Amino acid sequence: QKEVEQDPGPLSVPEGAIVSLNCTYSNSAFQYFMWYRQYSRKGPELLMYTYSSGNKEDGRFTAQVDKSSKYISLFIRDSQPSDSATYLCAMSVYNDYKLSFGAGTTVTVRA
Amino acid sequence: GAGVSQSPSNKVTEKGKDVELRCDPISGHTALYWYRQRLGQGLEFLIYFQGNSAPDKSGLPSDRFSAERTGESVSTLTIQRTQQEDSAVYLCASSPQTAMNTEAFFGQGTRLTVV
């Protein structure tokens, strides 16, 4: 069993729809949770960074962490074609260098 | 430049050859990280540098892989006697302190294809 599981998709939605992405994990010691966006042929860029459980909102993006279920989610409201990318979840035990990544979900937002 | 720069962007090599991948971190960033991204898989940690020293090399897949960093700046990842399973995108990131957090940034990666 992988330490972090993420549905690879692909996911295709119409413009304006809500995109829902999620990851499950097995290591209960994870405390730091991240979502990265990666455009084709580019490096990952950090979208959301949260510590422990709870919700965090940044513009059209909302990250949720449920440590009791070992489940994290990313919601994108009012999705735009420019949101078309691969979204990677990542997590770590400490605020340090070694992240465990999901495989990534490829999202296409149709105009 | 303002970001992390990696070269080459693409590299095709024959099985058995050695390759060198280069990473130029953001100026002033003391921490530097190498990750590998295989097709359809998440990023795998390879090695990190704090200054010129590498406290954790545990992610290097085999002794064919090595990395160095000089002058607290440029880092080179070397793969000797390349194998087809080494085909992947090799990503470098840097940060002011040792933490992959909001201050860490990735380069665009080097796409390595071993034929």
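Going line by line, the protein sequences match chains A and B. Under the numbering used here, think of the first position of the first sequence as 165, with each following residue one higher. Under the numbering used here, think of the first position of the second sequence as 5, with each following residue one higher. Using N, Cα and C, we set each Cβ at its ideal position, and we do this for glycine too. Being a predicted model, the structure only gives us computed values, none of them experimental.
Next item on the list: Mind listing the chain A neighbours of B/N105? Cutoff is C-beta to C-beta under 7 Å, in chain order.
Entry: Result: Y213 and N259.
Notebook entry, point to check: Any C-beta of chain A sitting closer than 8 Å to the C-beta of B/G75?
Noted result: Not closer than 8 Å to any Cβ of chain A, the Cβ of B/G75 fails to qualify, so no.
Margin query: Any C-beta of chain B within less than 9 Å: which residues of the region 178-210 of chain A qualify?
Written below: Contact residues of the region 178-210 of chain A toward chain B are Y196, M198, Y200, Q202, R205, K206, G207, P208, E209 and L210 (C-beta to C-beta distance below 9 Å).
Note to self: Measuring only the C-alpha atoms, how far is A/G266 from A/K166?
What the structure shows: Rounded to whole angstroms, A/G266 to A/K166 spans 9 Å at the Cα level.
Note to self: Just to make sure I have the definition right: I need the residues of chain B whose C-beta is within less than 7 Å of the C-beta of A/P174. Which are they?
What the structure shows: The CB of A/P174 never comes closer than 7 Å to any CB in chain B; the least such distance is about 12 Å.
Item checked: CB contact flag (B/A71, B/T82, <8 Å) -> It is a contact, given that the beta carbons lie within the stated cut-off.
Item checked: Nearest candidate by alpha-carbon position, reference A/A181, set A/Y258, A/C253, A/R224 and A/D171 -> With distances taken between Cα atoms, A/A181 lies closest to A/R224.
Check: Alpha carbon to alpha carbon, what distance is there between B/E107 and A/P208?
Finding: B/E107 has its alpha-carbon roughly 13 Å from the corresponding atom of A/P208.
Check: Whose C-beta lies closer than 7 Å to the C-beta of A/Y203 among residues of the same chain, with five residues either side of it excluded?
Finding: Cβ neighbours of A/Y203 beyond the five flanking positions: A249.
Item checked: Per-residue burial, B/L95 [other beta carbons within 10 Å of its own, 16 or more giving buried] -> It is buried - the Cβ of B/L95 has at least 16 other Cβ atoms within 10 Å.
Check: A/D260 and B/A103: beta carbons closer than 8 Å?
Finding: Between A/D260 and B/A103, the gap from beta carbon to beta carbon is short of 8 Å.
Item checked: Span of the beta strand (DSSP E), counted from its first residue to its last, around A/V183 -> Where A/V183 is concerned, the enclosing beta strand (DSSP E) stretches over V183 to Y189.
Checklist line | Range of the contiguous beta strand (DSSP E) that encloses B/P59 | finding: From DSSP, the beta strand (DSSP E) with B/P59 extends over S57 to D60.
Check: Which of helix, strand or coil does DSSP assign to B/D90?
Finding: Taken through DSSP and simplified to helix, strand or coil, B/D90 comes out as helix.
Next item on the list: With distances taken Cα to Cα, identify the nearest neighbour of B/Y52 among B/V78, B/Q88 and B/D90.
Entry: For B/Y52, the nearest C-alpha among the options comes from B/V78.
Margin query: Quick check on B/G113: buried or exposed, where buried means 16 or more other Cβ atoms within 10 Å of its Cβ?
Written below: So B/G113 counts as buried.
Check: If you measure beta-carbon to beta-carbon, which residues of the region 215-227 of chain A are closer than 9 Å to chain B?
Finding: Against chain B - using a Cβ distance shorter than 9 Å - the region 215-227 of chain A contributes no residues.
Next item on the list: State the start and end residues of the unbroken beta strand (DSSP E) segment that holds B/T117.
Entry: That run of the beta strand (DSSP E) goes T114 to V118.
Check: Between A/K220 and A/K234, what straight-line distance do the alpha-carbon atoms span, to the nearest angstrom?
Finding: One C-alpha to the other measures close to 17 Å.
Next item on the list: For B/A35, return the contacting residues in chain A, with the cut-off set at a CB-CB distance below 8 Å.
Entry: By Cβ distance, chain A contributes Y261.
Check: How would you write the range of the beta strand (DSSP E) that B/I51 sits in, first residue to last?
Finding: For B/I51, the enclosing beta strand (DSSP E) covers residues L47 to Q54.
Check: For B/S31, does the count of other Cβ atoms within 10 angstroms reach 16, so buried, or fall short, so exposed?
Finding: Its Cβ having fewer than 16 others within 10 Å, B/S31 is exposed.
Checklist line | Other residues of its chain near A/S237: CB distance less than 6 Å, five sequence neighbours each side excluded | finding: Counting only Cβ-Cβ distances below 6 Å, and skipping sequence neighbours, we find N186 and Q228.
Item checked: Backbone secondary structure at A/D247 - three-state DSSP -> Under the three-state reduction of DSSP output, A/D247 falls in the helix class.
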